[in-house]
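Student:
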Amino acid sequence: MRTNYQIINNKLVACSESEAKIIVCTSPDKDTMKSLIDTYDIDEHTLNSALDPDEVSRFEFEPDHSVVIIKSPKNYSKGDNLIFKVTSIGMFMFKDKLLFVIPEEIEIFEGRQPVKLFTLKDVMLKVLYGTISHFLGHLRVIDMISESLEDKINESMENKFLINMFKIQKSLVYYINGINSNAMLFDKLKLNAAKIGFLTEDVEFLEDIIIENNQCSKQANIYSNIITGLMETRGSIVNNNLNMLIKRLTILSVVFMPLNVIAGVGGMSEFSVITGGIDWRISYSLLGLFMIGVSIGTYFLLRWVLERKV
Numbered sequence: 074m075r076t077n078y079q080i081i082n083n084k085l086v087a088c089s090e091s092e093a094k095i096i097v098c099t100s101p102d103k104d105t106m107k108s109l110i111d112t113y114d115i116d117e118h119t120l121n122s123a124l125d126p127d128e129v130s131r132f133e134f135e136p137d138h139s140v141v142i143i144k145s146p147k148n149y150s151k152g153d154n155l156i157f158k159v160t161s162i163g164m165f166m167f168k169d170k171l172l173f174v175i176p177e178e179i180e181i182f183e184g185r186q187p188v189k190l191f192t193l194k195d196v197m198l199k200v201l202y203g204t205i206s207h208f209l210g211h212l213r214v215i216d217m218i219s220e221s222l223e224d225k226i227n228e229s230m231e232n233k234f235l236i237n238m239f240k241i242q243k244s245l246v247y248y249i250n251g252i253n254s255n256a257m258l259f260d261k262l263k264l265n266a267a268k269i270g271f272l273t274e275d276v277e278f279l280e281d282i283i284i285e286n287n288q289c290s291k292q293a294n295i296y297s298n299i300i301t302g303l304m305e306t307r308g309s310i311v312n313n314n315l316n317m318l319i320k321r322l323t324i325l326s327v328v329f330m331p332l333n334v335i336a337g338v339g340g341m342s343e344f345s346v347i348t349g350g351i352d353w354r355i356s357y358s359l360l361g362l363f364m365i366g367v368s369i370g371t372y373f374l375l376r377w378v379l380e381r382k383v
């Protein structure tokens with residue numbers, strides 16, 4: 074799908090193909106990609122890289138244009154099953170045109186407009202800034218989901234909530250890698266500001282973008298560290314609870330061991346012969362009391378031994 078824009082009154086306005094200065098190609102098919110390569114003399118490998126979600130952020134100069142590939146959060150859908158992924162946005166800056174190539178539908182121009190749009194470079198900087206806002210928005214959603222999962226983990230013993238928390242942790246790894254990759258891109262753009270043709274105002278805005286991205290990176294790392302600590306703590310608690318359960322079961326086994334010995338050695342038939350002159354109600358009651366006494370005595374003996382070791 075192809076969408077065309079031009080700048081009118083410092084805003085992006087949809088227009089016809091002949092008037093377009095900003096072109097957005099979404100999920101281009103083979104014919105569209107061939108047309109872009111032939112029309113704009115774009116390197117095929119570079120174009121494929123812009124559509125590759127695993128491609129790292131980078132900046133390159135070509136003879137008649139410059140190339141920027143930046144990472145952005147992928148739109149989340151129910152089928153993603155709590156996995157938040159990143160995708161790529163390819164920008165091809167020509168002298169009088171700005172071409173965007175994206176692998177899927179993304180609102181690259183959404184969010185607040187920090188600067189007025191006068192030139193194509195302003196549009197490019199707006200998109201760079203928008204990726205940070207997009208990351209921050211997704212991080213807030215991830216934080217809310219992790220808090221909800223934490224409450225469910227505390228209330229339930231089901232593994233599915235722990236598995237979902239692991240998915241959130243994995244998503245944060247994707248985001249941190251994408252944000253850090255963008256950080257290197259922004260630094261490279263700043264180093265080549267003069268060659269790109271950035272004005273003083275553009276460089277100042279780029280510096281603000283770098284600061285915002287660093288804060289975004291710190292926030293993502295904080296969320297990741299919190300979830301990592303939570304998972305480690307939860308694992309320790311589960312192990313401790315398991316050890317306590319095994320300890321209690323062991324005590325129960327030891328408590329019942331003397332009773333098994335008594336029942337095995339004496340046996341019910343032998344006991345009946347030995348107590349033949351006594352009413353069975355009395356004899357078996359005495360045996361029951363004796364076995365209960367042995368159990369209680371064994372329990373307190375084990376408890377005393379364990380407390381001394383502690």
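When you read off a place in the sequence shown, starting at 1, and then add 73, the result is the number in my numbering. Every residue gets a Cβ at the ideal spot worked out from N, C-alpha and C, and that includes glycine.
1. Quick one: Cα of Ser358 to Cα of Thr306, how far?
2. Please name the residue or residues paired with Met164 in a DSSP beta bridge.
3. Which residues in the same chain as Leu85 place their Cβ atom closer than 8 angstroms to its Cβ, once the five residues preceding and following it in sequence are excluded?
4. Give a yes or no on whether the C-beta atoms belonging to Ile324 and Leu360 are separated by under 8 angstroms.
5. When you compare only the Cα positions, how much space is there between Ile215 and Lys243?
6. In whole angstroms, give me the CA-to-CA distance for Ala293 and Leu212.
7. Consult DSSP for Leu155 and reduce its assignment to one of helix, strand or coil.
8. Output needed for Glu280: all residues of its chain with C-beta closer than 8 angstroms, excluding positions within five of it in sequence on either side, in chain order.
9. Could you tell me which of Gly251, Leu362, Asp116 sits nearest to Lys147, measuring between CA atoms?
10. Pop quiz: Ala123 and Ile142 are said to be a contact at Cβ under 8 angstroms. What is the actual Cβ separation, rounded to whole angstroms?
11. For Pro274, tell me which candidate among Ser326, Glu223, Lys194 has the shortest Cα-Cα distance.
12. For a cutoff of 8 angstroms on Cβ pairs, would you count Val246 as touching chain C?
13. What does a CB cutoff of less than 7 angstroms around Ile115 pick up in its chain, not counting 5 residues either side in sequence?
14. When DSSP builds the beta bridges, which residues end up paired with Asn386?
15. Among all the DSSP beta bridges, which residues are the ones paired with Lys84?
16. Assuming the contact rule is C-beta atoms closer than 8 angstroms, Thr204 and Asn255 should be a hit. Round their C-beta distance to whole Å, please.
17. Among the candidates Arg321, Gly302, Ile175, Arg354, whose CA atom is the shortest distance from the CA of Asp102?
18. Under 8 angstroms by Cβ, that's how I've got Met238 and Ile226 pegged, so tell me the actual separation to the nearest angstrom.
19. Got a sec, what are the start and stop residues for the alpha helix (DSSP H) Phe259 sits in?
20. What number of angstroms, rounded off, separates the C-alpha of Ile73 from the C-alpha of Ile236?
21. Along the chain, where does the beta strand (DSSP E) containing Glu133 start, and where does it finish?
22. Near Tyr248, what residues of its chain come up, given a Cβ to Cβ distance below 6 angstroms and the 5 sequence neighbours on each side ignored?
23. Under 8 angstroms, do Ile269 and Ser89 count as touching if we go by C-beta distance?
Tutor: So, from the data block:
1. For the purposes of this step, residue 358 is identified with residue 285 of the sequence shown, where counting begins at 1. For the purposes of this step, residue 306 is identified with residue 233 of the sequence shown, where counting begins at 1. CA-CA distance, Ser358 to Thr306, rounds to 50 angstroms.
2. Counted from its first residue, the sequence shown places residue 164 at position 91. Answer by DSSP bridge pairing, in chain order: Val141, Phe173.
3. The residue given as residue 85 occupies position 12 in the sequence shown. The answer, listed in chain order, is Tyr78, Gln79, Ile95, Phe182, Leu190, Val196.
4. Along the sequence shown, read from residue 1 onward, the residue named residue 324 stands at position 251. Along the sequence shown, read from residue 1 onward, the residue named residue 360 stands at position 287. With respect to the 8 angstroms criterion, Ile324 and Leu360 are not classified as neighbours on the basis of their beta carbons.
5. Translated into positions along the sequence shown, residue 215 becomes position 142. Translated into positions along the sequence shown, residue 243 becomes position 170. Roughly 11 angstroms separates the two Cα atoms.
6. To locate residue 293, count along the sequence shown from 1; it is residue 220. To locate residue 212, count along the sequence shown from 1; it is residue 139. Ala293 and Leu212 have their C-alpha atoms some 7 angstroms from each other.
7. Here residue 155 is taken as the residue at index 82 of the sequence shown, counted from 1. Residue state, collapsed to three classes: coil.
8. Start at 1 with the first residue of the sequence shown, and residue 280 comes out as number 207. Lys263, listed in sequence order.
9. Residue 147 sits at position 74 when you count from the first residue of the sequence shown. That would be Gly251, whose Cα lies nearest to the Cα of Lys147.
10. Locating residue 123 in the sequence shown gives position 50, counting from the first residue. Locating residue 142 in the sequence shown gives position 69, counting from the first residue. With a Cβ gap of about 5 angstroms, Ala123 and Ile142 count as contacting.
11. The sequence position of residue 274 within the sequence shown is 201, counting from 1. Residue identity check: residue 274 is Glu in the sequence provided, not Pro. If you compare the alpha carbons of Ser326, Glu223, Lys194 with that of Glu274, the shortest gap goes to Lys194.
12. Any reference to chain C falls outside this structure, which holds one protein chain only.
13. Taking the first residue of the sequence shown as position 1, residue 115 is located at position 42. Contacts found: Leu109, Phe165.
14. No information on residue 386 is available, as it lies outside the stretch 74 to 383 that the chain covers here.
15. In the sequence shown, counting from the first residue as 1, residue 84 sits at position 11. Residue pairing of Lys84 in beta bridges, as defined by DSSP: Ile81.
16. Position 131 of the sequence shown, counted from the start, is the residue given in the question as residue 204. Position 182 of the sequence shown, counted from the start, is the residue given in the question as residue 255. Going by Cβ atoms, the distance from Thr204 to Asn255 rounds to 7 angstroms, so yes, they are a contact pair.
17. Sequence index remark: in the sequence shown, residue 102 carries index 29 (1-based). Taking Asp102 as reference, the option from Arg321, Gly302, Ile175, Arg354 with the minimal CA-CA separation is Ile175.
18. By 1-based counting over the sequence shown, the position of residue 238 is 165. By 1-based counting over the sequence shown, the position of residue 226 is 153. Met238 to Ile226, Cβ: 7 angstroms. Contact.
19. Counted from its first residue, the sequence shown places residue 259 at position 186. Where Phe259 is concerned, the enclosing alpha helix (DSSP H) stretches over 232-264.
20. Here the chain comprises residues numbered 74 to 383, so residue 73 is not present and cannot be evaluated.
21. Counted from its first residue, the sequence shown places residue 133 at position 60. Bounds of the beta strand (DSSP E) holding Glu133 are 131-134.
22. Numbered from its first residue, the sequence shown carries residue 248 at position 175. Excluding sequence neighbours, Tyr248 sits near Ala293.
23. Position 196 of the sequence shown holds residue 269. Position 16 of the sequence shown holds residue 89. Cβ distance not < 8 angstroms, so Ile269 and Ser89 don't count as in contact.
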